Structure formats: C-alpha cells, structure tokens
Amino acid sequence: MKILGLDICADTIVGDEMIKGISGGQKKRLTTGELLVGSARVLFMDEISTGLDSATTYQIIKYLRDSTHALDGTTIISLLQPAPETYELFDDVILISEGQIVYQGPREYAADFFAAMGFRCPERKNVADFLQEVLSKKDQQQYWCQYDYPYQFVSVTKFAEAFKTFVIGKRLHDDLDRPYNRKHNHPAALSTSNYGVKRLEILKSNFQWQRLLMKRNSFIYVFKFIQLLLVALITMTVFFRTTMHHDSVDDGIIYLGALYFAIVMILFNGFTEVSMLVAKLPVLYKHRDLHFYPPWAYTLPSWLLSIPTSLIESGMWTLVTYYVVGYDPQFTRFLGQFLLLFFLHQTSLALFRVMASLGRNMIVANTFGSFALLVVMILGGFIITKESIPVWWIWGYWISPMMYAQNAISVNEFHGHSWSKPFADQNITLGEAVLTGYGLFKEKYWFWIGVGALLGYTIVLNALFTLFLTILNPIGNMQAVVSKDAIRNKDSRRSDRVALELRSYLHSNSLNGLKLKEQKGMVLPFQPLSMCFKNINYYVDVPEELKKQGIAEDRLQLLVDVTGAFRPGVLTALVGVSGAGKTTLMDVLAGRKTGGLIEGSISISGYPKNQETFTRISGYCEQNDVHSPCLTVIESLLYSACLRLPSHVNDDTQRAFVEEVMELVELNPLSGALVGLPGVNGLSTEQRKRLTIAVELVANPSIVFMDEPTSGLDARSAAIVMRTVRNIVNTGRTIVCTIHQPSIDIFESFDELLFMKRGGQLIYAGPLGSKSRNLVEFLQAVPGVPKIRDGYNPAAWMLDVTSTQMEQILGVDFAEYYRQSKLFLQTKEIVEALSKPNSEVKELTFSTKYAQPFCAQFIACLWKQNLSYWRNPQYTAVRFFYTVIISLMFGTICWKFGSRRETQHDIFNAMGAMYAAVLFIGITNATSVQPVISIERFVSYRERAAGMYSALPFAFSLVTVEFPYILVQSLVYGTIFYSLGSFEWTAVKFLWFLFFMYFTLLYFTFYGMMTTAITPNHMVAPIIAAPFYTLWNLFCGFMIPRKIPVWWRWYYWANPVSWTLYGLLTSQFGDLDQPLLLADGIRTTTVVAFLEEHFGFRHDFLGVVATMVVGFCVLFAVVFALAIRNLNFQRR
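Going by the working numbering, the first residue of the sequence shown is number 19, and it counts up by one from there.
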C-alpha cells in the first residue's frame, strides 16, 4: 500500500459517481494493487498509469520491475505517455501498430532500429513518444534524418518487414523457431490449481467480505426491515381480529386474503436482490475471470448470510400479525406459519438472484424479476382458482412455489381449532369447506409438502444462481471502431494542409506581439475574461469513522490559503501529486462543489464572481466523462451547442461551429458513433475524452476548466488534445488544465503553472519560462535540491524534488518557502491588480439565466430523450416484448373470462385478471424506468451545472417522451387481452378499457420516475417504492373489498390502483342487468347490484373515476419534476 500510495486512504471507502470516496488516481492504483498482492507471476497490465502523476507511476513501475527480476516473473504493461525515466525502467519493448508488431526486443535498441530506417529521435524528445509518432503519417516526416535522400512515407507494413531483417528481429525469429526444452521447466513453473489458496480459505474470505458489505449496506437492510414492520402493523389493523370472524365461508375467504397478502409480502420482499446483485456483477465477473475465487464461493456465503435476514423478517411478520389478526391461537400453528414464511423468503431471495444473474442488466433483470413474480403469483391458485386455469396452463400451477406456499399456509390455518365447527349438513369442518370452496387442498400433509417444496426450490434456485454466474459473461463489451478507409480518408483530407510540427507549435509560450488569428468556426464573439482568487480555503466534515480513529477535529481542511490568477490567452497547468487537491481547487473555483465550507474571494475581471452568470461564460471538462449513452457524437455536440450558445446564433452557424470543433479534436470519423456507457460499449476512453472536451468547446466559453484532459490518452492523442487547447488559448480564452505525468512537449506547452503539494498548499504559482527555466531556477535555489539532468522531464523532476521524503531530508517546507519568496509577492500583485474592475470591462450580466428560453430548453431535451429512448432497446424493446408476452399469457390463462357473467366467481376471475395485469405490468414499468432515469439524472447534474437548462424542462421532457411508448404498450396489451378474454366488443367499452390501461401504466411509470428522483440511486429507489406497491395491493379492493375498517377507508380512496380497478370493472360489467349466482350457490342478484353491494362500484360514477386516474398521473409527474429541481444527491 505504501508503494502504491494507498496508505493515506486505507480506511476510506472506494465510492462511486454518487458517493464520495477515493480519487480517480487512487482507484486506478487500487486496481493494480488487487493483482500485486496475489501470487501471480505473469501480469498483464493495461494503462495502469492513467490518472497518476509521473512520480507515482515511476515508483509503481520500479517496484514491478524489481519484483519481476527478483521472482523471475513475466510482466507486460501498456502505458500511455510514459515519462523518459519510466520508459527506461523496462527491459523490452513491444511496438505494435495496425495489428502488426513493428519492433520487439531490448528497449535500448528500439531507437537504433528506426535510425537504421532513416528516422532519428531528437534531443529532449521522449523516446516513447517518438516511437509512437514515427509510425504516424502525419508526424513521421519531422524525424527524417537522411537529408541526402528525399523523404517518402514508410508504412507500418514496411517497418514490420524491415524488422524481420534487423539483428534483433532475426534473433527473435531464431528463438521462436527453436522448440523449448522442457527439461528446463521447474516443477512449480505451472500452477496446478486455479486459485491461490485452499477452498476453505476462499470460502472464509468471501464470507468475511460479504459480511462487511452487508454491514456497509446496513441502511438497506434496516430500511427493508422497518418497511416490512410498518406494513405488518398496517396489515394487522386492516385485518383486525375484532372485525374478523370464524362463522362462515365468506369469513374464511377474508382470512385467505390475509394469508395471501402475507405470502405476497414475503415473496416481494426479495425483489430488491435484483438491483443489489446487478450492481455487484461487474466486480464479481472481474474476480471470477481473474480467478480470485470460483462462483460457488460467492453464492454459498450469500445464501448462508441471508438466513439470519430471513429468520428476522419472517419472524417479525409472524410475531406482529399472527395473534392480532386472529389466526388460530394454537402455538404449533404459529410456529408452522413462521416456518413456512421463512422458507418462502429463502425461495424469494434465491429466485430474484437467479433473475439478476440471468438478466445481467438492470432493466432486463428487473423485467425478468417482474415476469417471474407474475407467473408465480397468477398461477398460484388464489388470483385465479385451480378449476378456472385452462388445461394448457395447469402445468404452471404445479411448478409455482406460491401454490405450495398458499396451500401449506392455508392448511396450517384452517385445520386449527377455530375452524373445526361442522359445516352445514356436510361431513366436513368449516375450515375444510373454505379450502375446498376456493380450490385448495384440504389434506393436512400438504403443509409438509409445501415446506419440502420450498426447501427444494431454494436449493435448486441457488444452484442455478451459481451456474449462471459460472457460465454467463457480462452483456456486451463493444468499442467504437474506425475503419481503415475512414482513417485513410481522414489522412488524405488533411494531407494538403500545412502540418505544423507539434513541438515548435506548442512551444510558442510567449504571447507578446502574438496576433490572434481568426479561425473558421472559432470566431463567435466572446469577451476575454480573467479569474483571480485570494486565500481560498476549503473544509469538509470529518467522517465518523475517522473520528473513531482518534481525529479530534470536526472539519478537515483540503485547501489552504490558495492564491492565484488565470488570464486570457494564457494556458495554465494545475499540477500536483495524487490527492494534492487539484480537482478540489478546480471544483471550488468553478462552483461545482455541493458541500463543504469555502472561504476566500473569487473575482472575474475584477468583479465578484456570480455563479449564475459564470456558468454562461465557462466550460468544465470533468475527469469522469459523463454523457447520454444513446446519442451519437455529433448529436451530443449539437445538443450542447443548441442549449449553450446564445439564442441569436442561427442553426447554420451552430452546425458550422460544431463541425469545426469536431475537426479540431479529430472526431469527424466518429460523428455517427453512439457514445455508450464507459467500459461497457460505445466510445473508447480516448474517444470519450475528446468528446468531453468538444462538448464544452461548442459552448464558446471565455474560461475553460479541464480536469485531466490527457488522462487515458496515448502520447499522440494527448498531443492532439493539447494542440486543440493551444488553438483555443490563442483566440484569447482563459484555459486551466489539471494534468498528470505530462511529456516534456506537453508540459512546456503551458504558459503558467500552479504547483500543489499534498495537503492543498501551493508550492509554485507563476510563469514556466522557456524550457521550464523559471520553475527550475526557483526550485534549484532551495539549498540541497539536486539539479535537473540534461533531457530530464521537468514535470517529473519537480515532483521528485518536492516529495514528502525530500522535504524531510532537506528540512524544508516548500509551501512555506514559496510564501516567503519574491514570486509569491509578484503573484499577490497580479491578483490585486486583477481584483480591481477595469473600465474597459463591464460586469457580466445577462437578461436571462439560461441561453435559451424555457420552451427551447424543453424541445431540445425532448429531442435528446426521444433519440435516447429509441436507441435503448434494453428498455423500450424489452418492455414491448414483455407486454406482448404478458398479454398472450393473460389472454390464454383468462380465456373467455370476459364473456362469463353467470356466477360470483366469474366476476372475481375477471377482476383477478385485471388486478394482476395492472399490478404487474405497472410495477414492471415502474422498476424498469428507474435505472434509465438514474443515468439521465446523473448526466443532467453535469449539464445543469454547465447552465444548459433548468430542471423543469429536463423533467418534463422525460415525462413527455413516455407518452407514445405507453400508448403503444396499452394498445398492444389492450387489443390482445381484450380479444382473447372475449370481453364485449363495443367501441365504448373497448375505448374505456384502453383509457384506463393507458393512464394506469402512465401513473405507474411516473411513480417509478418519482421514486428515483427522491432517492440517491436506482438501488434505493425500488426499496422506497416497494411499500407503496404493497399498500396499493392491500387496499385496491381485491382482497378485502367493502369490509375495510373505517379508519383505513380514506386510503382506499387515495389508492390509484383502487380507482383503476373501479374503472375497469365498472366500464365492462357496470351496465349489465343479467342475473348472477352468488358464492353460496343459492342466492341470486344482478351484476349491477352485486358490483354496488360488494364493491361499492357505480356505473354513473365512471367520469369521476377517469378524472382521478388522470389526476394521479399529473400528481406523480409534478412531484417528479419538483424533486428533480429541488433535490441533488451528487456529493462533490
């Protein structure tokens, strides 16, 4: 940990995009450390230096080299922009281009090979950069050294062929031709085990790891418990024993409803496993593929650790509800119900883990989970009785875990003493009459059949969970690919332009007398602005965990009296070791911090900074590239330009400006490529980085902050980016970049430097000078600081000589040395001068907060969301496919239910089908939309911070884009189900059915969006949403219609699902005067009278019902919009 520099954050959580944790560079080192602590002797390491400073990179590579030599290992590392001293640590180099190996052999002979081909590496040029650029058609000519011969481009293929005749190439060829002598093998050369430790140790480690994760996620488990407790308390007051009786079959049906609800609650309680497991899958797949442990070593502890959860939750439910509801008072019956609910909870957890491991994507897994729940419940024997299930679906009844649970828990209750009284003249008890009347089994042994079946399901489903984790891989890992033709066309288009050599171009440090050239598309009017800041301090609250370790302070200071200035036409670098506070300072200056205490003053061209106006004239390129995944590159840029350029800029000018920016950052060949999700699909890291920069540049800002714009890029791509940045600086804009491990060329392309040490203090603030002369002279003036070697990278040298170890050796605090220097006084004078308003510069004012009016913001957001939805088949296509499957399934299960109106059971079956469809399609819509909204909300944090739009247009666009998709979904479901169910084919009734389904699916979708908006992420959102699904289910009128206790009737009317069922049932059956046979088989009534007496449904109330259903849509949409506007869960 010390070598990787992770000892300072050993007790800090890793965090993610929403939770504060370790820095990006520390995460990269953590990934490296995961492998280094193992026993692997062959290491493949891809771009491990991204996000690290050059000193840390040098330290890590040196350790890897020493350990490789000492342990006789094999290490292959790909690096982006390695510093010369880092490059020199390697023994061999493999140079690959266009899929061909150009050179492979000792590092020291690589430059000799190219010298033999007529290309020489200049002085003060990093050899690693030279090796890459010499293969590029655009950069190759500048290295030609055989001036007696005319230069001709040497292709990669010619280099590869020439290497075969080079002495190193011949030697490599000879080695490969000679078979390896196995006698030289050491017995331990090859591992005989897939894993580093014994199985018991693996299991023990996984058990401890998962227990720690459960502890860290204790909020979720505690919240689930409290949620279940609250629902249990509500349930016991709904089915209160003083209102419950044991005198008739109708009383028994109410108890069956209570038992059914208990089963549904315990079964549904496991649904949160879907989102929690899908979030863990990337880590699990990484561990599995790196052979950290086999999948069973994860699934077994997760099963064992879930047992206490099941015991607590099922025990709590039984304890709270059993005696208050008035179930049979025998203690053995109490224990029987507890045992059954425990095994059902275990089955539920296992079922949803299987769905998550099978779906692997949050949306798909949620859909799979909802479908599994639907199949299990609809064929469980309560919603539709066994006798009513068509013969072609009866197999589903026998494989449904809920069927076994429902029969077992019912047998346990209705064989109790409370139900032992004789029923009528038949030779059965009242309890047995209830069971047989509802199509349930009456034999006592069905209790143990149910327990055994649930135990078997738990074992089988956990085995399937293990199998899917073993054989399935993450969904997709595609990267955008540029064809060779595109590359050739790109090069040919540019070959007629004068290609300025990067070094001479970037080294134009002085702007004295520089004429800022007007460039095509880059001359939209802007006001050059300066920024100065004085005595900036930044504090954050100390976490409780650190306080427990002995830290007494309440606040931790991350920035200490930072003073400096950024000026127009001056390119400023913000440099420091990882954790020095570079990004923190940039966030503070840009106004991106959402928490903490900021002290000090910030001025824009002499006027106090106003954040609302500042966002209009500034751009911020974040280190983590955040974009809408379903847009193309050019659409992302047009979207940004449309919202951020002034409204007077016409469409043609916008388009031309966007195309010029794309040309500058070399994104033209990728204009039609989808952005995708980082590390999953779409653009590569380097392409995404250039897109991030371009998105900010199309806003035509006066001041641009770039957080590590070259991080994750190779030397040539970094040079392209910096050449672009210099182009922008030369137009008179103010540019500030944080930067890690820059090459000499890139480092010396900056005009000024702010150099920070760990702890948030400045060491240097001022001009770099030619060949970094000013910086070198300043640091070498400190007694004891070693002089810089010829050709050494000044960026790496300054990090080395100012490290904490050097400060201890020299007895110098470089921050204090800087504060006592003349340079600090000069900086203060510059800041004082820039802090006073200039008569030529007016204070920034805009007539409106945003560049575009509300309607234009809404239209632009809707345009983007429309494209995003259309290109998101995992959401839209899966939802459509799910609806078709559900429609066909319901239609075939409920075959001709709509035409059967002779008995009370016929009405119940029709209502049960409507009830199940509404709940399950609706809940599926609500859960599947949550991860979509979560991603878009995360993107909106960046876009809103940039002043692109206000929250309400964004929220309303997300609401509006759902309308056509829900309409299609309603038409598909309504047409299929209505026809297969043989409901009455009249235009009015069919349109009423479509109306209620459309607005019901809308309010469910808006409810899912609302719960996401009021919670930090899509893992917490389902947990918040679930209790209300439960209450809607309980109070919808299906399980307990008019007998709801008086103190709960208000919630029946506040329940959207009850209004939906009211509307659906009344619109189809509320006008029928035909006779209806009641449940006792003796009495008759009419359908209209039964609906009013049993449910309280009246056909003349249909208009009010329709209004209420629409009202719930509006309510959830408005709350969603307000939550998006007023709640911000991003912590920076």
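All residues carry an ideal CB built from backbone N, CA and C; glycine is no exception.
The model shown is predicted, which means the values in this text are computed figures rather than measured ones.
Subject >> Under 9 Å between C-beta atoms of F981 and F908 >> reply: No; because the gap between Cβ atoms is not below 9 Å, this pair is not in contact.
Original post:
Is the beta carbon of P801 less than 9 Å from the beta carbon of L780?
Top reply: P801 places its beta carbon 9 Å or farther from that of L780.
Subject >> Coil, strand or helix - G802 by DSSP >> reply: Coil, per DSSP.
Original post:
So what does DSSP say about D670, is it helix, strand or coil?
Top reply: DSSP places D670 in helix when its eight states are reduced to three.
Original post:
How many whole angstroms separate the CB atoms of V560 and L574, which I take to be in contact at a CB cut-off of 8 Å?
Top reply: Confirmed, Cβ separation roughly 5 Å.
**OP:** Let me know the beta strand (DSSP E) ranges lying completely inside the stretch 674–761, each 3 residues or longer, listed in chain order.
**Re:** With a minimum length of 3 residues, the continuous beta strand (DSSP E) runs that stay inside the stretch 674–761 are 721–725 and 752–756.
Original post:
When burial is assigned at 16 or more other CB atoms within 10 Å of the CB, is Y198 buried or exposed?
Top reply: Only exposed fits Y198, as fewer than 16 other CB atoms lie within 10 angstroms of its CB.
Original post:
By DSSP, does S436 sit in helix, in strand, or in coil?
Top reply: In the structure shown, S436 sits in a helix (DSSP, three-state: H, G or I).
**OP:** Mind the definition here: the stretch 1024–1033 touches the stretch 927–934 only if three or more C-beta pairs lie below 8 Å; say whether that holds.
**Re:** Touching, no, given that fewer than three Cβ pairs across the two stretches are closer than 8 Å.
**OP:** Check each candidate in A442, W437, T476 and V478 and name the one with the smallest Cα separation from K460.
**Re:** Closest option to K460, Cα to Cα, is W437.
Original post:
Any idea what DSSP makes of K118, helix, strand or coil?
Top reply: The residue you asked about is not Lys; residue 118 is Gln in the sequence shown. The three-state secondary structure of Q118, taken from DSSP, is strand.
Original post:
Is Y556 closer than 9 Å to L603 when the C-beta atoms are compared?
Top reply: A contact, by the Cβ cut-off of 9 Å.
Original post:
Taking V593 as the reference, which of S968, L771 and K20 has the closest Cα?
Top reply: Answer by Cα proximity: L771.
**OP:** Can you check the stretch 1060–1100 for any alpha helix (DSSP H) of at least 4 residues that lies completely inside it and give the ranges in chain order?
**Re:** Whole alpha helix (DSSP H) segments, 4+ residues: 1067–1071 and 1074–1087.
Original post:
Considering only residues of the same chain and omitting the five flanking positions on each side of A297, which have a CB-CB separation below 7 Å?
Top reply: Cβ neighbours of A297 beyond the five flanking positions: M1037.
Original post:
Can you give the beta carbon distance from L22 to G51, rounded, assuming they're within the 8 Å contact cut?
Top reply: Taking C-beta atoms under 8 Å as the contact rule, L22 and G51 qualify, at a distance of about 5 Å.
Original post:
How close, in whole Å, do the beta carbons of M1027 and F1138 come, if the pair is a contact with beta carbons under 8 Å?
Top reply: The Cβ separation is near 5 Å, so the contact holds.
Original post:
How many angstroms separate the CA atom of E405 from the CA atom of L1133?
Top reply: Cα to Cα, E405 sits roughly 41 Å from L1133.
Subject >> Under the three-state DSSP convention, the category R573 falls into >> reply: R573 falls in the strand class under three-state DSSP.
Subject >> Anticipated Cβ contact below 8 Å, G455 with F432, distance rounded >> reply: Rounded, the Cβ-Cβ distance is 11 Å, inconsistent with contact.
Subject >> Residue from L1012, L906, S886 and K914 whose Cα sits closest to the Cα of L976 >> reply: Among L1012, L906, S886 and K914, the Cα nearest to that of L976 is on S886.
**OP:** Keeping to the same chain, check which residues put their C-beta closer than 8 Å to that of T1172; ignore five residues upstream and five downstream.
**Re:** Residue 1172 is absent from the model: the chain starts at 19 and stops at 1150.
Subject >> DSSP beta-bridge partners of N491 >> reply: Paired residues: none, contrary to the question.
Subject >> CB contact flag (V342, P1040, <9 Å) >> reply: No. Outside cutoff.
Original post:
In its own chain, which residues sit with a C-beta less than 6 Å from the C-beta of K20, not counting the 5 before and 5 after it?
Top reply: In the same chain as K20, and ignoring 5 residues on each side of it, no C-beta atom comes closer than 6 Å to its own.
**OP:** Sort out for me which residues DSSP pairs N1051 with in a bridge.
**Re:** Note: N1051 sits in no beta bridge, so no partner.
Original post:
Going by Cα to Cα distance, which pick from T993, F675 and S619 is closest to V849?
Top reply: The shortest C-alpha separation from V849 is found at S619.
Original post:
Considering only residues of the same chain and omitting the five flanking positions on each side of F164, which have a CB-CB separation below 8 Å?
Top reply: At residue 164 the sequence reads Gln, which differs from the Phe that was named. So the list reads G136, once near-sequence residues are dropped.
Original post:
For A1141, which of I186, G599, L970 and L487 has the nearest alpha-carbon?
Top reply: Considering only I186, G599, L970 and L487, the residue with the shortest C-alpha distance to A1141 is L970.
Original post:
Between which two residues does the beta strand (DSSP E) carrying G594 extend?
Top reply: Run containing G594: L589 to G594, per the beta strand (DSSP E) assignment.
Original post:
Do L61 and Q44 have their CB atoms nearer than 9 Å?
Top reply: At a Cβ-Cβ threshold of 9 Å, L61 and Q44 do not count as neighbours.
**OP:** Please list, in chain order, all residues of the same chain as M420 whose beta carbon is under 7 Å from its beta carbon, the five residues on each side excluded.
**Re:** Within the same chain, Cβ atoms closer than 7 Å to the Cβ of M420 are found at I281, L285, V394, M395 and G398, the five residues on either side in sequence being excluded.
Subject >> Proximity below 9 Å, CB of S968 to CB of Q883 >> reply: Against a cut-off of 9 Å, the Cβ pair of Q883 and S968 comes out as no contact.
Subject >> Whether A371 touches N480 by CB criterion (9 Å) >> reply: Correcting the residue type first, residue 371 is Arg in the shown sequence and not Ala. With respect to N480, R371 sits close: the two C-beta atoms are nearer than 9 Å.
Original post:
Is the stretch 1016–1026 touching the stretch 249–257 in the sense that three or more CB pairs, one from each, lie closer than 8 Å?
Top reply: In short, these stretches do not touch, since the Cβ pair count stays below three.
Subject >> Helix, strand or coil at W162 according to DSSP, with G and I counted as helix >> reply: W162: strand per DSSP, three-state reduction.
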